[in-house]
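Per the working numbering: the sequence shown = residues 559 to 906. Below you'll find the structure, written out as structure tokens, and then a few comments.
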Amino acid sequence: MMPRRHPQPLPRRQAGSTLNPQQGGSASRPVPTVAIVLPAYNEEAVIESSVTRLLALLDRFVRDQVMTRGSFLCFVDDGSRDRTWSLIQSSHDRDSRVRGIKLARNVGHQHAVLAGLLSVRDRVDCAISLDVDLQQDPAAIPEFVAQYRAGADIVFGVRQDRGADRLFKKWTALAFYRLMSFLGVRVIPNHADYRLTSQAVLQALAEYEEVNLFLRGIFSQMGFPTAVVHFTVTERRAGSSKYSPLKMVSFAWEGITSFSVVPLRLVTVTGFLVFFLSLGMSLFILASSLVGNNTVPGWASTTLPIYFLGGVQILCVGLLGEYIGKIYREVKRRPRFIIEQEVGHEKG
Ligand code: UDP
Ligand code: MG
């Protein structure tokens, strides 16, 4: 499946130029038009203060030539049941740089971010996703844009410390990243969904049709030039967290099962181990009955089949798992390749 062509080809990084985000130097891409995408679920307590702060920041960013005058905020109301949407509407009436989309029902943070990113993809050079409570420091945005201008298509925000988190969240997060890397899922530790993506990446993202969405995994395995920006996390100023411990566990589970077939493979491996164990036991019993005959009569004929059949069964389940793993990859219909640049191929 070919990625859709961009409506307006973006100025791209020169072939062969090296990405050297840390040194700043001469920026190769022009000042971009940026959309800041903010998912919001029952956030009436924070919307207005966030709008005020972000618009003030936008003014500053435009003045400092970080982004163009056409840059804007895109709120995604994720099926809120409070006044979130009407507050977004009234903010838009006051300032047209506040835009928004309202989802018909609550679809969860990941899908809300996706909806926002896809809705702005043809209007901007890059989009930055950010939580509406502004726990993730929006003052770091110029650094994201600097990395973009230096050539990065995906800039991952990585939190500097977990000072604002309780010990429980710190440890569970660490365990999650360890488990993910053990299962072969590429994710950037301590990267939440504070991230800049270029228009090229947004167009590629539209090719991912999967319903079980784990954005961090998708962006980590896309293959565009990436960079990292460190930022600080603060306490939530108003409202309450929409991520209950149960939602966090289901998010982690989603991440693992959307990107790894290793759990299925572990079944196959277990089957093999039990199978070989039963073979080893057979040899041992045979040898001991030949040598000393000190086995209890009937023991071997009862126990061995249990191990043997157990091994065969687990092995068969694992074998089914291998095929299910293949089906799972097929039904996701992920793009098989993403074209990053083209030359002499513009109009077909
Ligand atoms: N959010 C959302 N849909 C949901 C849950 C959360 O859009 O079903 C948004 C929420 O409004 C916020 C962001 O996702 O902008 C992160 O949520 P929250 O701040 O509650 O999580 P925490 O920072 O406590 O992990
Ligand atoms: Mg938060």
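Each residue gets a CB set at the ideal place from its N, CA and C atoms; glycine is no exception.
Answer yes or no: do residue i and residue j have a C-beta to C-beta separation smaller than 8 Å?
{"i": "Leu-760", "j": "Arg-679", "result": "yes"}
{"i": "Ala-598", "j": "Asp-653", "result": "no"}
{"i": "Leu-688", "j": "Ile-814", "result": "no"}
{"i": "Cys-684", "j": "Pro-747", "result": "no"}
{"i": "Val-820", "j": "Gly-775", "result": "no"}
{"i": "Leu-672", "j": "Tyr-706", "result": "no"}
{"i": "Leu-763", "j": "His-669", "result": "no"}
{"i": "Ile-896", "j": "Met-780", "result": "yes"}
{"i": "Val-690", "j": "Ser-629", "result": "no"}
{"i": "Ser-836", "j": "Leu-862", "result": "yes"}
{"i": "Phe-817", "j": "Val-743", "result": "yes"}
{"i": "Val-825", "j": "Gly-876", "result": "yes"}
{"i": "Gly-513", "j": "Pro-588", "result": "This structure does not reach residue 513, given that the chain is present from 559 up to 906, and the question cannot be answered."}
{"i": "Gly-829", "j": "Gly-869", "result": "yes"}
Which two residues bound the contiguous alpha helix (DSSP H) that contains residue i?
{"i": "Ile-814", "result": "803-817"}
{"i": "Phe-777", "result": "773-780"}
{"i": "Val-889", "result": "857-890"}
{"i": "Ile-897", "result": "Where Ile-897 is concerned, there is no enclosing alpha helix (DSSP H), given that its DSSP letter is neither H nor E."}
{"i": "Ile-605", "result": "605-621"}
{"i": "Arg-663", "result": "Segment: none, Arg-663 is in no alpha helix (DSSP H) and carries neither H nor E."}
{"i": "Met-738", "result": "725-740"}
{"i": "Arg-707", "result": "699-707"}
{"i": "Met-625", "result": "Per DSSP, Met-625 belongs to no alpha helix (DSSP H) and is neither H nor E."}
{"i": "Phe-825", "result": "The sequence given here places Val at residue 825; Phe does not occur at that position. Note, Val-825: alpha helix (DSSP H), 820-849."}
{"i": "Ala-670", "result": "667-678"}
On a Cα-Cα basis, can you pick out the residue from the options that is closest to residue i?
{"i": "Leu-773", "options": "Lys-800, Ala-810, Ala-785", "result": "Ala-810"}
{"i": "Cys-874", "options": "Arg-717, Arg-657, Leu-822, Met-839", "result": "Leu-822"}
{"i": "Leu-831", "options": "Leu-804, Ile-872, Ile-814", "result": "Ile-872"}
{"i": "Val-807", "options": "Arg-892, Leu-763, Lys-727", "result": "Lys-727"}
{"i": "Val-604", "options": "Glu-793, Phe-619, Val-825, Val-827", "result": "Glu-793"}
{"i": "Ser-799", "options": "Leu-692, Val-589, Leu-877", "result": "Leu-692"}
{"i": "Gly-666", "options": "Arg-621, Lys-805, Ile-686", "result": "Lys-805"}
{"i": "Val-656", "options": "Gly-797, Glu-606, Val-743, Tyr-881", "result": "Glu-606"}
{"i": "Phe-834", "options": "Pro-803, Phe-866, Ser-847", "result": "Phe-866"}
{"i": "Leu-596", "options": "Ser-677, Asp-622, Val-703", "result": "Ser-677"}
{"i": "Asp-719", "options": "Leu-824, Leu-737, His-749", "result": "His-749"}
{"i": "Thr-610", "options": "Glu-601, Arg-641, Asp-640, Ser-649", "result": "Ser-649"}
{"i": "Gln-694", "options": "Pro-588, Tyr-752, Ala-758", "result": "Tyr-752"}
{"i": "Arg-892", "options": "Thr-826, Tyr-766, Gly-869", "result": "Tyr-766"}
{"i": "Pro-803", "options": "Ser-778, Pro-855, Ser-644, Ala-731", "result": "Ala-731"}
{"i": "Asp-622", "options": "Ala-704, Glu-888, Ser-739", "result": "Ala-704"}
{"i": "Val-600", "options": "Leu-741, Asp-640, Val-854, Gln-757", "result": "It is worth fixing the name first, because residue 600 is Asn in this sequence and not Val. Ranking Leu-741, Asp-640, Val-854, Gln-757 by Cα distance to Asn-600 puts Asp-640 first."}
{"i": "Leu-675", "options": "Ser-756, Arg-717, Leu-741, Thr-784", "result": "Ser-756"}
{"i": "Phe-702", "options": "Thr-642, Gly-658, Ala-796, Met-625", "result": "Met-625"}
{"i": "Leu-616", "options": "Arg-663, Val-889, Ile-686", "result": "Ile-686"}
{"i": "Val-827", "options": "Glu-880, Ser-778, Val-849", "result": "Glu-880"}
{"i": "Glu-602", "options": "Ala-796, Ile-864, Ala-733", "result": "Ala-796"}
{"i": "Asn-664", "options": "Val-682, Thr-642, Arg-681, Asp-651", "result": "Thr-642"}
{"i": "Val-682", "options": "Leu-741, Ile-659, Ala-758", "result": "Ala-758"}
Looking at the unbroken beta strand (DSSP E) that takes in residue i, where does it start and where does it end?
{"i": "Ser-799", "result": "That residue, Ser-799, is in no beta strand (DSSP E); it is neither H nor E in DSSP."}
{"i": "Ala-785", "result": "784-789"}
{"i": "Ile-712", "result": "712-717"}
Where DSSP assigns a beta bridge to residue i, which residues make up the other side?
{"i": "Ala-685", "result": "Ala-593, Thr-755"}
{"i": "Leu-631", "result": "Ile-594, Val-656"}
{"i": "Gln-694", "result": "Val-791"}
{"i": "Phe-749", "result": "The residue asked about is misnamed: residue 749 is His in this sequence, not Phe. Val-716."}
Is it the case that the CB of residue i approaches a heavy atom of the ligand HEM more closely than 7 Å?
{"i": "Gln-668", "result": "In terms of ligand content, the structure shown lacks the ligand HEM and carries the ligand UDP and the ligand MG instead."}
_Pairs of beta-carbons, one from the segment 695-713 and one from the segment 784-796, closer than 8 Å: are there three or more?_
yes
*Is the segment 624-640 in contact with the segment 710-719, if contact means three or more CB pairs nearer than 8 Å?*
no
*asked:* Any contact between the segment 823-843 and the segment 889-905? By contact I mean 3 or more CB pairs, one from each, below 8 Å.
replied: no
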